[in-house]
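A.B. asks: There's a structure below that I have some questions on.
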Amino acid sequence: VSSPPGRRARLSSPGTGRSSSEAREELRRRLLGLIEGNRVMIFSKSYCPHCTRVVWNPFNVFTYLSFYSSDDGANVQEVLSEITNQRTVPNIFVNKVHMGGCDRTFQAHQSGLLQKLLQEDSTYDYDLIVIGGGSGGLACAQEAAILGKKVMVLDFVVPSPQGTSWGLGGTCVNVGCVPKKLMHQAALLGQALNDSRKFGWEYGQQVKHNWETMTEAIQNHISSLNWGHRLSLREKSVDYVNSYGEFVEHHRIKVQQLEKGSPGKLKVVAKSTKGPETIEGVYNTVLLAIGRDSCTRKMGLDKIGVKINKKTGKIPVNDVEQTNVPYVYAVGDILEGKLELTPVAIQAGKLLARRLFGGSLEKCDYINVPTTVFTPLEYGCCGLSEEKAIEVYKKENLEVRLFLFRPLTDRASLSYACILKYRVIGFHVLGPNAGEVTQGFAAAMKCGLTKQLLDDTIGIHPTCGEVFTTLEITKSSGLDITQKGC
Numbered sequence: 001v002s003s004p005p006g007r008r009a010r011l012s013s014p015g016t017g018r019s020s021s022e023a024r025e026e027l028r029r030r031l032l033g034l035i036e037g038n039r040v041m042i043f044s045k046s047y048c049p050h051c052t053r054v055v056w057n058p059f060n061v062f063t064y065l066s067f068y069s070s071d072d073g074a075n076v077q078e079v080l081s082e083i084t085n086q087r088t089v090p091n092i093f094v095n096k097v098h099m100g101g102c103d104r105t106f107q108a109h110q111s112g113l114l115q116k117l118l119q120e121d122s123t124y125d126y127d128l129i130v131i132g133g134g135s136g137g138l139a140c141a142q143e144a145a146i147l148g149k150k151v152m153v154l155d156f157v158v159p160s161p162q163g164t165s166w167g168l169g170g171t172c173v174n175v176g177c178v179p180k181k182l183m184h185q186a187a188l189l190g191q192a193l194n195d196s197r198k199f200g201w202e203y204g205q206q207v208k209h210n211w212e213t214m215t216e217a218i219q220n221h222i223s224s225l226n227w228g229h230r231l232s233l234r235e236k237s238v239d240y241v242n243s244y245g246e247f248v249e250h251h252r253i254k255v256q257q258l259e260k261g262s263p264g265k266l267k268v269v270a271k272s273t274k275g276p277e278t279i280e281g282v283y284n285t286v287l288l289a290i291g292r293d294s295c296t297r298k299m300g301l302d303k304i305g306v307k308i309n310k311k312t313g314k315i316p317v318n319d320v321e322q323t324n325v326p327y328v329y330a331v332g333d334i335l336e337g338k339l340e341l342t343p344v345a346i347q348a349g350k351l352l353a354r355r356l357f358g359g360s361l362e363k364c365d366y367i368n369v370p371t372t373v374f375t376p377l378e379y380g381c382c383g384l385s386e387e388k389a390i391e392v393y394k395k396e397n398l399e400v401r402l403f404l405f406r407p408l409t410d411r412a413s414l415s416y417a418c419i420l421k422y423r424v425i426g427f428h429v430l431g432p433n434a435g436e437v438t439q440g441f442a443a444a445m446k447c448g449l450t451k452q453l454l455d456d457t458i459g460i461h462p463t464c465g466e467v468f469t470t471l472e473i474t475k476s477s478g479l480d481i482t483q484k485g486c
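As numbered in full-length UniProt numbering, residues 1 to 486 make up the sequence shown, in order.
Encoded structure:
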């Protein structure tokens, strides 16, 4: 990089007669001005060997401010720690991206990230454009905004010819996790009413369910979440446009809000699966509940050379969510071979933003991810299935333990764990509150949970989760796994 040598930044005194809060805000603005106005900005201390090391290598262009040779060094360091959440020096910014300290800067140099940031052009309208306002996109956008980047989010979906468009938040908020869990809760309440008679509750009036009341309550909750997402973007100065984004060439995206159509009429002819009769009718909307498809084929990805799976529309990426086009990244449900889960998308989105704009090297872990199916009797799991564990580790290296138990609700439940040389690599439970049980064990698995640790843990009685502290019967033994006693 051909550039002039480093120079020292100067901070003028804020003047007298001003309140401490005003002076502090003025100092904050001046520091941000230095960060914004200099290609490389190094905050240092004159006697710090790490500062001296990083000032001369790997940069040959920089501006630096030494705390202890400025007029207000202690306050400078305190305000800077509020901006960066880093109290140590050197504190380094490259093209407005917070790199961190000496070690992280040299790591970025070795990985090539530092060179990339030094060569970046600032002629674009935005540092980051996110297409798709789902969980992963919103998490990435907001994290990038926190790191000082100029960000735009494009999101537009019309799932029905009736013109009902879902709001910001993607599948999870509008048609996925949130309404699913609320409807699941409604079903559990109905089951609890039936169970209550066994525990002495008596009621003479027939209990009925009102579908309209439930759906209205769910829609109201979804609308509040839609609004919350919009407010959060606004608070972080992220530009949100309710439009469809399409690539037209490299680094250029066209924004062609789609026209909302009026409901039409469709004649439907269907054959019953239970007999020879035919069903006919005229409808405004036909719902084909056959799964989801990736909306990637009409985004102009072919114009910039991004590869997608022609059959599924999914996008293959490397271990840092990068497509075959270096400046295009993908997170969430459109990734090929990755879990379609909201928390996974959120984690991947945040970590992507931190790698792109915060000097981080941390990658998303797609292996030990806990999840739950909210059927009336919940199923939760984390890690490998028995089949996958056998494929990866071979059957002779595995031990599967099972337990069939009956909680106080009087519905049979099943627990089993795949154990590799005493380390738990797969956790599975079918029973009430399986999601809550799985979440805690997922954290234990991330910490290297072993069979011995499970044996050493005292269970809470009577709970569903306690059965994992008493898993003694192996699948290969063929012994009865039915619960004995309390």
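Note that CB positions come from ideal geometry on N, CA and C, so glycine has one too.
1) Determine whether the beta carbon atoms of G431 and L471 lie at a separation below 8 Å.
2) Compute the Euclidean distance between the alpha carbons of R354 and V89, then round it to the nearest angstrom.
3) For N242, which residues from the same chain have a beta carbon less than 6 Å from its beta carbon, with the 5 sequence-adjacent residues on both sides left out?
4) Measure how close the beta-carbons of V151 and V130 come, nearest whole angstrom, since I'm counting them as under 8 Å.
5) Whose CA, out of E362, M183, I315 and E386, lies closest to the CA of N210?
6) Quick check on the burial criterion: 16 or more other C-beta atoms within 10 angstroms. Buried or exposed for D127?
7) Name the DSSP beta bridge partners of A270, please?
8) Spatial neighbours of V207 within its chain, please: C-beta separation below 7 Å, excluding the five flanking residues on both sides.
9) With DSSP as the reference, identify every bridge partner of V130, one or two as the case may be.
10) My guess is that V424 and T450 are in contact by the Cβ rule of under 8 Å, so how many angstroms apart are they, rounded?
11) Skipping 5 residues on each side, what residues in its chain have a beta carbon closer than 7 Å to that of V437?
12) On the CB-based measure, 16 or more other CB atoms within 10 Å of its CB, does L479 come out buried or exposed?
13) Kindly indicate which three-state DSSP category K208 falls into: helix, strand or coil?
14) Between L80 and the rest of its own chain, which residues show a CB-CB distance below 7 Å, the 5 nearest in sequence each way excluded?
15) Can you tell me whether E362 is helix, strand or coil according to DSSP?
16) Kindly indicate which residue of K265, V269, L266 and Y240 has the alpha-carbon position closest to the one of V255.
17) Which residue or residues does DSSP assign as beta-bridge partners of G100?
18) With distance defined between alpha-carbon atoms, name the residue in L154, A186, A141 and G190 nearest to E235.
19) Return the chain-ordered list of same chain residues with a C-beta closer than 8 Å to the C-beta of V317, the five sequence neighbours on each side being excluded.
20) Indicate whether the contact test is met: 3 or more Cβ pairs, each with one atom in the stretch 295–308 and one in the stretch 101–112, closer than 8 Å.
21) Can you look up M299 in the DSSP assignment and give me helix, strand or coil?
22) Taking the alpha carbon of G291 as the point to measure from, which residue in G169, I473, Y124 and V175 has its own alpha carbon closest?
23) Quick check on this structure: which residue in L453, K45 and E396 has the alpha carbon closest to the alpha carbon of K475?
24) Please classify G86: does DSSP put it in a helix, a strand, or coil?
25) Applying the 10 Å Cβ sphere with the 16-neighbour rule, what's the burial state of L454?
26) Checking 8 Å against the spacing of the C-beta atoms, do Y366 and L339 come in under that value?
27) Who are the near neighbours of D319 in its chain, counting only those whose CB is closer than 7 Å to its CB and skipping five residues on each side?
28) Out of H251, Q205, L27 and E25, which has the shortest C-alpha to C-alpha gap to D125?
29) Comparing alpha-carbon positions, which option in T278, F93, E22 and H50 lies nearest M41?
30) Can you list, in chain order, the residues of its chain whose CB lies under 6 Å from that of K350, leaving out five sequence neighbours each side?
31) Measure the alpha-carbon distance for S272 versus G281 and round it to whole angstroms.
32) Should F468 be labelled buried (16 or more other beta-carbon atoms within 10 Å of its own) or exposed?
33) By the 10 Å Cβ neighbour count, where 16 or more other Cβ atoms means buried, how is S135 classified, buried or exposed?
C.D. replies: If we stick to the structure as given:
1) no
2) 20 Å
3) F156
4) 7 Å
5) M183
6) buried
7) I279
8) L193
9) V153
10) 7 Å
11) G380, V429, C464 and G465
12) exposed
13) coil
14) L31, F43 and N91
15) coil
16) Y240
17) I92
18) A141
19) T323, Y329, A330, L335 and E336
20) no
21) coil
22) V175
23) E396
24) Going by the sequence as given, residue 86 is Gln instead of Gly. The answer is coil: DSSP assigns Q86 none of H, G, I, E or B.
25) buried
26) yes
27) K363
28) H251
29) F93
30) A139 and E143
31) 14 Å
32) buried
33) buried
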